Structures are given as structure tokens and as C-alpha cells.
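K.L.:
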Amino acid sequence: MKEPKIKIRDLTLFYGEKMALNSITIDIPGNEVTAFIGPSGCGKSTFLRTLNRMNDLIADVKIRGEVLVDSLNIYDRQIDVVNLRKKIGMVFQKSNPFTKSVYENVAYGPRINGISDRKKLNEIVETSLKKAFIWEEVKDRLHDSAMGLSGGQQQRMCIARALAVNPEIILMDEPASALDPISTAKIEELIFELKKNYTIVIVTHNMQQAARVSDLTAFFYLGELIEYGKTKKIFTTPDKKQTEDYITGRFG
Amino acid sequence: MMMKRINKITGTLFISTTAISAFFIIAVIIILVIIIIIGGKDSFSWEFLTSFPTDGMMKGGIFPAIYGTALLVLIMSVAAVPFGTITAIYLTEYASEKSILAQTIRFAVRTLATVPSIIFGLFGLGFFIKFVGVQMDSVLLGGQLKWGQPNILWASLTMALLTLPVVIVSVEEAIRAVPREMREASLALGATKWETIRRIVLPGSRSGIMTGTILAVSRGAGEVAPILFTGAAYYLATLPVSLSDQFMNLGYHIYIMATQSSNVDLTLPIQFATTLVLLMLTFILNLTAVIIRSHIRRKAK
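Residue numbers (the working numbering), protein chains in the order written: chain C, 147 to 398; chain D, 1031 to 1331.
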């Protein structure tokens, strides 16, 4: 078995005095889709945000333990957070385009990486939008404001924007929760395509979605990792009673 | 039953009291504006706006006062807007809410906003002219008097101090209106904090910076006390051409004509017309600021 892409060891997180994550240990393999499921407030989103250190932005957060990406502890003092986030892209629950054109949104990442050559940028924008299955819909309105796109298009554009910096890992925080079924289906199809080249970690409260798109599923409850394994197994023969209760809809 | 009736009467009484007070305020403004318009309309003309005063300021126009006021607020903005914006960025983006430094700055900004404007005038005289100006003269010009006396630069900088709180508060509000999601999106793409501020936060608060500037300009255009000792002139035959020149100013001009003129009654129409110009100027500036600000608030929601 190959080395896991992300190894989390004994990760504990406090918001002030309140413990939000309790000693999580988990291995996330490369080029697969790993889903985090669990009821609201179980810590799954918080956990996702520890993987690219987005929790650094919140005051009063204390983190113990290790997150090793390619065997490098990202909480090590020598780690450059900015570079880390280039390697680990993120797609948010609510699509959050900049109030700029579609083109400028996607070109934002490459630009801050110092790419200013117009031809190169055009190329990156086009391939990123193609990878996110949205090129055909926006190719004639690249220079219109991204705010004019539909919710589903905005979210796929945000995925294209994340792809444009060429990350290895993509974290998705309930990427389809605000979308209609058709847009959701498109995002799921996209996730399926992307896993060939990227490692994907997705948080979802939609169990059917987890069952459809993921290879592995982790069930969180009250800040603890209850069960983790192959998605098929978690959804058919879970080991723990709590997992079974949640999946069969008895609570949550 | 009795209680109910008493409640009803006090209720009606309260509503009528508030309505009367509100009406009173509106009436004062309307009467004020009407008096100024009636008094000034005959003297108000294109020529009045574009010509110099004549006959010992008893006839002619107010062009140098308009020009001086415009120049004053321009130099003031150049000083106050960048400085205020940088302070606002520090307060909203870098300083932690609870840090002693940030709280001290906030306290200073609030205090600055309540200091009487004449104090700014005295401060400008003491600091800019008597200290900075005199030092500059002795170091740069070997004691020859150039900067150590009132001029438009010192007046503008004094005015900038007065309007700084307005700029800081407006820009702060605009920066806070930029959604957190957009900052996160930028940071998640590997942008540094500064890149996020420069490329996302500042462009997003452009209209707030604009509002702050306009409010500051409208305040600066109407204030007289800060420039009284620092640069405003009674009468000048030429327009200011250098930062070390003195200047004429609309508010100061009204004051002079109302108190120092050899024939106050004769200049009354000119006083009214000048007041009308100043009032229109500040009204238009404030209106623009209000429109931009309501636009920002709507966008923030």
C-alpha cells in the first residue's frame, strides 16, 4: 500500500475553552475522494479547515497534534502557510466569487504567483475552466462580472479558480449544499473526474452524496472520529451502532 | 378602564410632542434656506462666481475665495485620505480588537472628532507654523522667513487633522463591509494578507474611501476656525500659486464681510450670495456622500 497523502495524528482543537476536535487520527490516501459526514456541529468543517490552516484566521483557536502532508508537518513553525495553501486548494460552502470578471477570478491565483504573461494566463484560465466543466458556458462572457453567473456556475467557477493554482489537494466544504439538484449533479460528476489528478476531501451533510462520490467515508460525532473506512462498508455494514443510526436516519 | 384612558392620552401626547419637535427642525432648515435664497438671489450670477472682489470687497465676485477653498480641500484630501485609509486598514485588518494600541487609537480618533475646531487652529499655529515652519526656515533658508508664517500648506494640514476621524470611520466601515468569504477565498488561493488587502479588500472599499473623502471635503470646506491663524487671508489681489502663499476662503470671506466691512449693510446681498454658494457646495457634497454610502450598505447586505 502506498504512503497516504495526508496523515493526521492525534489532532485536538480548542475554540477558547471548548474542545471542538478530540484527538483525531486518520490517514487520507492520494487520488481518492474522502468524505467527512456527521450531524451539524460535529466538527467536520472545523477539521477540514485544519488541513489548510484556515483556522489560523480565527482568534482563540488552539491546535495540538500533527497534520502531515507528504510527510511534512504543516503545523511546523518553518512551514510557509502561503505556499501550503497554494498546494491545498479550497472550495467553500457558499460560492464566493470576487467582484471581478470571470477571467480575473480564475487568473487571480496565477497572478499572485507572479504570472503576468497574457498568453500563459489565457491558457491557464481556459484549461482551468475546462477542467471544471464550465468553459462552454462562460467562454463568450469571460470578461463579464462573475456575479452574473448562476449559483451553480459560480461554484464551478470557484473550483476552476482553485484549480488554476495547480494544487495537489482540494478541500471542499459542502460545495453543493446551496445548489439545485442539476447543479449538484454537475459538481458530483466533476468531483469524479477530478480525483484522477487530485486528492479530494469533501465535507457533506448529504449522505447520498457521500455514498455517490466518495471512496472513503469518515463519520464524525461531537468532535470525535467515530468510524472511518471504505464508503461501501460504512454505508452497508458499519461497525459502530452510532454510525448505523446516523446513516439510517435515526438521528442527525 | 381609567388606566387605559390615561395610557391613551399620554400616548397621544407623546406622539404629538415628537411630531412637533420634528416639524420644528424641518421648519428651521426651510426658513434658513429661504432667507438665504431671497437675500442672495439678486447678487448670485455667473459673474459673481468668476470675478474678483472690487471696491474694497463691497462689490464684485468671490472667485478667489472659491479657488482658495477648492485648493485648501484638495491639499487637505491629499494629506488626510491616504493617512486615514492606512490607519483604517491597520485598525480593521492588523490590530486585534482587544489590543491596547488599537483601543488607544480608537480613543484618540473619537477624541479628535470632539475637539473644538478653534483648538485645531491654535495647534496648527503652534505646531506647523511656529515649530515645523520656523525650524524649516532656519535649517533650509538660513533664517529667512518663508515657511514660518501662515500659508495654504499649513492651513490644509491643520484641516486634515480635523477631518481625519471622518475619513478613518468611513473607510473602516467600508472595509468591514467586504465579506469574510472573499478574504478567505483569496487566502485559500495562497495570497498573503497584504495581497488580499491590496487586491480584494481595498478595491471592495473604494466607494467607502470615496464617501470618507467627500464628507471630509464638505466638512473642510465649511470650517473657518482651523484656518483663521494658519493661512486664510483677508484679501488677496492674486491667486495663491505656491504652497507658501496665503489664500482666501469662502467661510472666512463671509465672516470678514459680516464683521470687518466698512459698510456691512451694503455688502449684505454679497454675504447672502456667498453663504448660498457655500451652502450649495456642502449640500451637494453631503448628498453625494449619502448616496454612495447607502449604495455600500445595500451591497453589504
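Positions of the beta carbon are idealized from the N, C-alpha and C atoms, including for glycine. Since the structure is predicted, the reported quantities are computational estimates derived from the model, not experimental observations.
Output needed for proline 150(C): all residues of its chain with C-beta closer than 8 Å, excluding positions within five of it in sequence on either side, in chain order.
P.N.:
Only Asp173, Ile174, Pro175, Gly176 meet the Cβ criterion.
K.L.:
So is alanine 1267(D) buried or exposed if we call it buried at 16+ other beta carbons inside 10 Å?
P.N.:
Alanine 1267(D) should be labelled exposed.
K.L.:
Taking DSSP's pairing of strands, which residues face threonine 1084(D) in a bridge?
P.N.:
Answer is Lys1089(D).
K.L.:
Grab the span of the beta strand (DSSP E) containing isoleucine 315(C) for me, first residue to last.
P.N.:
Unbroken beta strand (DSSP E) run through isoleucine 315(C): 315-319.
K.L.:
Using the DSSP secondary-structure output, state which residues sit across from lysine 1071(D) in a beta bridge.
P.N.:
Looking at the DSSP assignment, lysine 1071(D) forms no beta bridge with any residue, so it has no partner.
K.L.:
For phenylalanine 1259(D), is the classification buried or exposed, using 16 other Cβ atoms within 10 angstroms of its Cβ as the cut-off for buried?
P.N.:
Answer is buried; the Cβ neighbour count reaches 16.
K.L.:
Can you tell me the Cβ-Cβ gap for valine 213(C) and threonine 196(C), rounded? I've got them flagged as a contact below 8 Å.
P.N.:
Sure, about 6 Å apart at Cβ, within 8 Å.
K.L.:
Any beta-carbon of chain D closer than 9 Å to the one on isoleucine 258(C)?
P.N.:
It does; some Cβ of chain D falls within 9 Å.
K.L.:
Quick check on the burial criterion: 16 or more other C-beta atoms within 10 angstroms. Buried or exposed for tyrosine 1124(D)?
P.N.:
It counts as exposed.
K.L.:
Cβ closer than 7 Å: which chain C residues qualify as neighbours of glycine 1234(D)?
P.N.:
Neighbours of glycine 1234(D) on chain C, chain order: Thr245.
K.L.:
Identify the contact partners of alanine 1125(D) in chain C, using a Cβ-Cβ distance below 9 Å as the criterion.
P.N.:
Those within 9 Å of alanine 1125(D) in chain C number zero; the least Cβ separation is about 12 Å.
K.L.:
Consider the Cβ of arginine 231(C): report whether some Cβ of chain D lies at a distance smaller than 9 Å.
P.N.:
Yes, contact with chain D.
K.L.:
Could one say the Cβ of arginine 307(C) lies closer than 9 Å to chain D's Cβ atoms, at least one of them?
P.N.:
Yes, arginine 307(C) lies at the interface with chain D (some Cβ there is under 9 Å from its Cβ).
K.L.:
According to the Cβ coordinates, are arginine 223(C) and valine 248(C) closer than 9 Å?
P.N.:
Not in contact: arginine 223(C) and valine 248(C) (Cβ atoms no closer than 9 Å).
K.L.:
Restricting to Cα atoms, I'd like to know which of Met1310(D), Met1032(D), Glu1203(D) is closest to isoleucine 1322(D).
P.N.:
The option with the nearest alpha carbon to isoleucine 1322(D) is Glu1203(D).
K.L.:
How would you list, in chain order, the residues of chain C whose beta-carbon sits under 7 Å from the beta-carbon of threonine 1122(D)?
P.N.:
What threonine 1122(D) touches in chain C: nothing, since even the nearest Cβ is about 14 Å away.
K.L.:
Taking the continuous beta strand (DSSP E) assigned at arginine 1140(D), which residues delimit it?
P.N.:
Unbroken run through arginine 1140(D) is the alpha helix (DSSP H), 1130-1144; no beta strand (DSSP E).
K.L.:
Is any beta-carbon of chain D found at less than 9 Å from that of leucine 203(C)?
P.N.:
Chain D, which has a Cβ nearer than 9 Å to the Cβ of leucine 203(C), makes this yes.
K.L.:
Note down the Cα distance separating alanine 357(C) from glutamate 334(C), rounded to an integer number of angstroms.
P.N.:
Near 11 Å, if we compare the C-alpha coordinates of glutamate 334(C) and alanine 357(C).
K.L.:
So with CB distances below 9 Å, who are the chain C contacts of methionine 1240(D)?
P.N.:
Residues of chain C passing the Cβ test: none, with the nearest at roughly 16 Å.
K.L.:
Is phenylalanine 338(C) close to chain D, meaning its C-beta is less than 9 Å from at least one C-beta of that chain?
P.N.:
Taking Cβ atoms only, chain D never reaches closer than 9 Å to phenylalanine 338(C), which makes this a no.
K.L.:
To the nearest angstrom, how far is the alpha carbon of glutamate 1225(D) from that of alanine 292(C)?
P.N.:
Cα to Cα, glutamate 1225(D) sits roughly 20 Å from alanine 292(C).
K.L.:
Just the chain D side, please: which residues come within less than 7 Å of asparagine 198(C) by C-beta, in chain order?
P.N.:
Simply Ala1218.
K.L.:
Are the C-beta of tyrosine 161(C) and some C-beta of chain D separated by less than 9 Å?
P.N.:
No, its Cβ sits nowhere closer than 9 Å to a Cβ of chain D.
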